[in-house]
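Engineer: Residue numbers (our numbering), protein chains in the order written: chain A, 2 to 362; chain B, 2 to 362.
Cβ coordinates follow ideal geometry from the N, Cα and C atoms, glycine included.
Number of protein chains: 2
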Amino acid sequence: MPLEKLNGCELPATADFHVHLRDAEMMELVTPTIRSGGANTVYVMPNLIPPITTVQAALDYKDRLQKIEPKVNFLMSLYLHTDITAATVVEAKKAGITGIKSYPAGVTTNSSSGVIDYEQFFPIFEEMEKQDLLLNLHGESPPTPGSDVTVLNAEERFLPTLLMLHKRFPQLRIVLEHCTTRKALKAVEQCGPKVAATITAHHLFLTVDDVVGDPFCYCKPVAKTPMDRDALLRATVSGNPKYFFGTDSAPHPAIAKRGGSDGMSKAAAGVFTQPYATQIVLSALEEGIEQGVIHEDDVTEEKLRHFLSAFGRTFYQENDKTSERIVIRKGDDVVTDSLTAGAFEVVPFRRGQKTWSVKWK
Amino acid sequence: MPLEKLNGCELPATADFHVHLRDAEMMELVTPTIRSGGANTVYVMPNLIPPITTVQAALDYKDRLQKIEPKVNFLMSLYLHTDITAATVVEAKKAGITGIKSYPAGVTTNSSSGVIDYEQFFPIFEEMEKQDLLLNLHGESPPTPGSDVTVLNAEERFLPTLLMLHKRFPQLRIVLEHCTTRKALKAVEQCGPKVAATITAHHLFLTVDDVVGDPFCYCKPVAKTPMDRDALLRATVSGNPKYFFGTDSAPHPAIAKRGGSDGMSKAAAGVFTQPYATQIVLSALEEGIEQGVIHEDDVTEEKLRHFLSAFGRTFYQENDKTSERIVIRKGDDVVTDSLTAGAFEVVPFRRGQKTWSVKWK
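1. Looking at the structure shown, is residue 244 of chain A part of a helix, part of a strand, or coil, going by DSSP?
2. Looking only at DSSP bridge pairs, what is residue 357 of chain B linked to?
3. Just by C-beta distance, which residues in the stretch 280-302 of chain A are closer than 8 Å to chain B?
4. Note down, in chain order, each residue of its chain lying with its Cβ closer than 7 Å to the Cβ of residue 129 of chain A, except the 5 sequence neighbours on either side.
5. Using DSSP with H/G/I as helix, E/B as strand and the rest coil, what is residue 395 of chain B?
6. Quick one: does residue 364 of chain A have its CB under 8 Å from some CB of chain B?
7. Are residue 273 of chain A and residue 349 of chain A close, meaning C-beta to C-beta below 8 Å?
8. Output needed in chain order: residues of the stretch 140-156 of chain A with a Cβ under 7 Å from some Cβ in chain B.
9. Please list, in chain order, all residues of the same chain as residue 67 of chain A whose beta carbon is under 8 Å from its beta carbon, the five residues on each side excluded.
10. According to DSSP, is residue 274 of chain A part of a helix, a strand, or is it coil?
11. Looking at chain A, is there any beta carbon in it that lies within less than 8 Å of the beta carbon of residue 216 of chain B?
12. List the residues of chain A that residue 259 of chain B touches, going by C-beta distances under 8 Å, in chain order.
13. At a CB-CB cut-off below 7 Å, which residues of chain B make contact with residue 219 of chain A?
14. Using a cut-off of 9 Å between C-beta atoms, extract the partners of residue 255 of chain A located in chain B.
15. Applying the 10 Å Cβ sphere with the 16-neighbour rule, what's the burial state of residue 191 of chain B?
16. Give the DSSP-derived three-state secondary structure of residue 258 of chain A in the structure shown.
17. Indicate the three-state DSSP secondary structure (helix, strand or coil) for residue 44 of chain B in the structure shown.
18. In chain order, what residues of the stretch 107-124 of chain B put their CB closer than 9 Å to some CB of chain A?
19. Quick one: any contact between the stretch 149-163 of chain A and the stretch 209-225 of chain B, if contact means 3 or more CB pairs under 8 Å?
20. When you compare only the Cα positions, how much space is there between residue 63 of chain B and residue 165 of chain B?
21. Compare the C-beta of residue 158 of chain B against all C-beta atoms of chain A and say whether one is closer than 8 Å.
22. Chain B partners of residue 210 of chain A, CB-CB under 7 Å?
23. Does any residue of chain B bring its CB to less than 8 Å from the CB of residue 181 of chain A?
24. What did DSSP end up calling residue 289 of chain B once you bin it into helix, strand or coil?
25. Say whether chain B places a C-beta atom closer than 8 Å to the C-beta of residue 228 of chain A.
26. Apart from the five residues on each side of it in sequence, which residues of its chain come closer than 8 Å, Cβ to Cβ, to residue 351 of chain B?
27. Closest to residue 168 of chain B by C-alpha separation, out of B:123, B:96, B:178 and B:157, would be which residue?
28. Restricting to Cα atoms, I'd like to know which of A:3, A:58 and A:339 is closest to residue 258 of chain A.
29. Mind checking residue 50 of chain A: buried by the 16 CB within 10 Å criterion, or exposed?
30. For residue 327 of chain A, count the other beta carbons within 10 Å of its own beta carbon; 16 or more makes it buried, fewer makes it exposed. Which is it?
31. Once you ignore the five residues that flank residue 294 of chain B on each side, which residues in its own chain have a CB closer than 6 Å to its CB?
32. Would you say residue 352 of chain A reaches chain B, if we count a Cβ-Cβ gap shorter than 8 Å as a contact?
33. Determine the direct distance from the alpha carbon of residue 346 of chain B to that of residue 264 of chain B, and round the result to whole angstroms.
34. Across which residues does DSSP place residue 77 of chain B in a beta bridge pair?
35. Taking the alpha carbon of residue 186 of chain B as the point to measure from, which residue in B:163, B:317 and B:208 has its own alpha carbon closest?
36. For residue 275 of chain A, is the classification buried or exposed, using 16 other Cβ atoms within 10 angstroms of its Cβ as the cut-off for buried?
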């Protein structure tokens, strides 16, 4: 039984540096689950409809979130868009906005307002570098017609853009979000300390074989090969401060995952992990040990603390709320089949499966 | 408007050398759609539950099919299984059975009785070679735990087995079914004239990007990259007699494609194309021309005749029913949203989309 040694272990609260909390009813349903997943600090994605492109919209959104869950520290972001100017960046910094998220146009949920050409945003990046505002990259090349870009190589094809941006703006803090490939990890390692990467919980489990035919395992970027999955597991316990936790938890109404009301549309992309964020990482590491991908000795209290909390907080320069602690337990908790509120049903990742438990101290 | 020249063109009836007609209610629903798709000759897969491993079971199945549709020529197969002996092969030949289908264990629908070790079947293959019975290969390596085999490379990993079998049994007629990759086509070309390949209708359209998140585009083998898709389109109009049509039309109740009654299971693998078999090929070639993958001049009445009918019939030595003719028309026919019979609903590929029409002459 791997990881017995961590049973009952105390950790600082998890910080989740990539969450989708949506708005309105979905926000009401999802936001209270942040703490269930062991996190007290989250970095909130701005891809609402319409996207958050003004400081005021971000602050209003933060107010709505804090009303629902006052015990979570919500770090806010803007959506990289032609509406944003250098003046917006200055204003954002003053208002306590943490970063700006870049979505290549059309690659994922609510990315239709996304970036086509990075060069047009160079003045913005320059000001962000000056103001020390973070740039978060959804690192996938868009699937232009006639090209050979697919969900499988879109991340790899994006990496030259990452390297170009880092070279051009060496002091700009950049996060390559939700890495899914060995190549992406390698590219991040190649960069200086201003470039880091988030790793999700679900990508520590999934390969492309799980994705095909199961809409609840479908997200962007799509999970890749077993070797890529193994590389993510190893990165998680590597002790490299460039790698830290960001779930990319992305709730959709179950009906949208199942192809809409007539079951005929393509499933919405996104895997929902928020209520079990920390728990799923522990289960993934356990499975990784059982499969011989990582060694039990690599999974220590220190490694967990680093990956789930310290490395991300340090990179984000966000060290509030680190005194709150959670206790993790190996146990027979089972992931709930779905969360419902009013008309909404949302299905969590690994529904019905055994999981670790998290309690607040 | 590509392919205007083929509007109103007359062709010999299509021969579809890979169909799943199931049994009972599903068989009743699907079998009458063979002729709607322009085909009068079909090679019937044996993966019923339990699989067809005796000559009597195959002949009984043929009777059931012919009662439903007397105007179709049903070519029958057995399921490669340890129950089959050299004597079964002799008996099968005498009874007019066409071939034996090999499923690697666990790779697709109803393949749990499939092959783990090919060597144990060498005596069977030897007798098949002697009797000139066909061997049909589902060409995917099984995803053994801890290996790096995924739905993406399973076909490529199988190719050495194809080459080994051909080398060992050079006079055995082998069909590598439903090729999805350039590498598979290349391997088939590398072999002598006793080895051929079927190409489906849906793989002429799909890439992996269509598969993820859409259970109705999910089948085994999974559609691969745009370059692979392009290679299939080119092979279809290449005039190479090794390539001919086999839809692998695989009906499942819509509810099984949508994850079962609670929408929580993995989707059943299979794309249903039977009622529009010929029509979908024409639409795919049209799209291939529009995308510049193939040239309009490559799509002639002769090329269609070869791919849809003559090459397969020649390889199968099955030239009954070639005098029946169909007329194809470019038109505004629309693929139906679903076919229903009693409790069954089956959703065809490209539901709701414009299609060519086929009329019997």
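Structural biologist: Inspection of the coordinates gives the following:
1. As a working note, residue 244 of chain A is residue 243 in the first sequence. If DSSP states are grouped into helix, strand and coil, residue 244 of chain A belongs with the strands.
2. Numbered from 1 along the second sequence, position 356 holds the residue referred to as residue 357 of chain B. Partner(s): none; residue 357 of chain B has no beta bridge.
3. 292 and 293
4. As a working mapping, residue 129 of chain A is identified with position 128 in the first sequence. The answer, listed in chain order, is 90, 101, 136 and 173.
5. Residue 395 of chain B is absent from the structure shown; chain B starts at 2 and stops at 362.
6. The requested residue 364 of chain A is not part of the displayed model; chain A covers only 2 to 362.
7. Along the first sequence, read from residue 1 onward, the residue named residue 273 of chain A stands at position 272. Along the first sequence, read from residue 1 onward, the residue named residue 349 of chain A stands at position 348. Cβ atoms of residue 273 of chain A and residue 349 of chain A: closer than 8 Å.
8. 144, 147, 149, 151, 152 and 153
9. Start at 1 with the first residue of the first sequence, and residue 67 of chain A comes out as number 66. Contacts found: 73 and 75.
10. For the purposes of this step, residue 274 of chain A is taken as the residue at position 273 of the first sequence. Coil.
11. Locating residue 216 of chain B in the second sequence gives position 215, counting from the first residue. Chain A, which has a Cβ nearer than 8 Å to the Cβ of residue 216 of chain B, makes this yes.
12. Position 258 of the second sequence, counting from 1, holds the residue named residue 259 of chain B. Per Cβ cutoff of 8 Å: 259, 260 and 264.
13. Taking the first residue of the first sequence as position 1, residue 219 of chain A is located at position 218. 213 and 214, listed in chain order.
14. Residue numbering aside, residue 255 of chain A sits at position 254 when the first sequence is read from its first letter. Simply 264.
15. Position 190 of the second sequence holds residue 191 of chain B. By the 10 Å Cβ count, residue 191 of chain B comes out exposed.
16. Residue 258 of chain A sits at position 257 when you count from the first residue of the first sequence. The answer is helix: DSSP assigns residue 258 of chain A an H, G or I state.
17. Translated into the one-based positions of the second sequence, residue 44 of chain B becomes position 43. DSSP places residue 44 of chain B in strand when its eight states are reduced to three.
18. none
19. yes
20. One-based indexing of the second sequence puts residue 63 of chain B at position 62. One-based indexing of the second sequence puts residue 165 of chain B at position 164. Distance between the alpha carbons of residue 63 of chain B and residue 165 of chain B: 32 Å.
21. As a first step, residue 158 of chain B is located in the second sequence; it is residue number 157 there, counting from the start. Closer than 8 Å: no.
22. The sequence position of residue 210 of chain A within the first sequence is 209, counting from 1. Result: 144, 151 and 152.
23. For the purposes of this step, residue 181 of chain A is identified with residue 180 of the first sequence, where counting begins at 1. No, its Cβ sits nowhere closer than 8 Å to a Cβ of chain B.
24. Walking along the second sequence from the start, residue 289 of chain B turns up at place 288. Three-state result, residue 289 of chain B: helix.
25. Taking the first residue of the first sequence as position 1, residue 228 of chain A is located at position 227. Yes, contact with chain B.
26. Position 350 of the second sequence, counted from the start, is the residue given in the question as residue 351 of chain B. Cβ within range, chain order: 206, 277, 281, 284 and 336.
27. Start at 1 with the first residue of the second sequence, and residue 168 of chain B comes out as number 167. Nearest C-alpha to residue 168 of chain B: B:123.
28. Residue numbering aside, residue 258 of chain A sits at position 257 when the first sequence is read from its first letter. Checked all of A:3, A:58 and A:339; the closest Cα to residue 258 of chain A is A:339.
29. Looking up residue 50 of chain A in the first sequence gives position 49. By the 10 Å Cβ count, residue 50 of chain A comes out exposed.
30. Residue mapping note: residue 327 of chain A aligns to position 326 of the first sequence, counting from 1. Flag for residue 327 of chain A reads buried.
31. Sequence index remark: in the second sequence, residue 294 of chain B carries index 293 (1-based). Answer for residue 294 of chain B: 231 and 234, listed in chain order.
32. As a working note, residue 352 of chain A is residue 351 in the first sequence. Yes, residue 352 of chain A lies at the interface with chain B (some Cβ there is under 8 Å from its Cβ).
33. Translated into positions along the second sequence, residue 264 of chain B becomes position 263. Translated into positions along the second sequence, residue 346 of chain B becomes position 345. Each residue's Cα considered, the two are about 15 Å apart.
34. The sequence position of residue 77 of chain B within the second sequence is 76, counting from 1. Beta-bridge pairing links residue 77 of chain B to B:45.
35. The count along the second sequence starts at 1 and reaches residue 186 of chain B at position 185. Looking at the Cα atoms, B:163 is the closest of the given residues.
36. In the first sequence, counting from the first residue as 1, residue 275 of chain A sits at position 274. Buried, because 16 or more other Cβ atoms sit within 10 Å of the Cβ of residue 275 of chain A.
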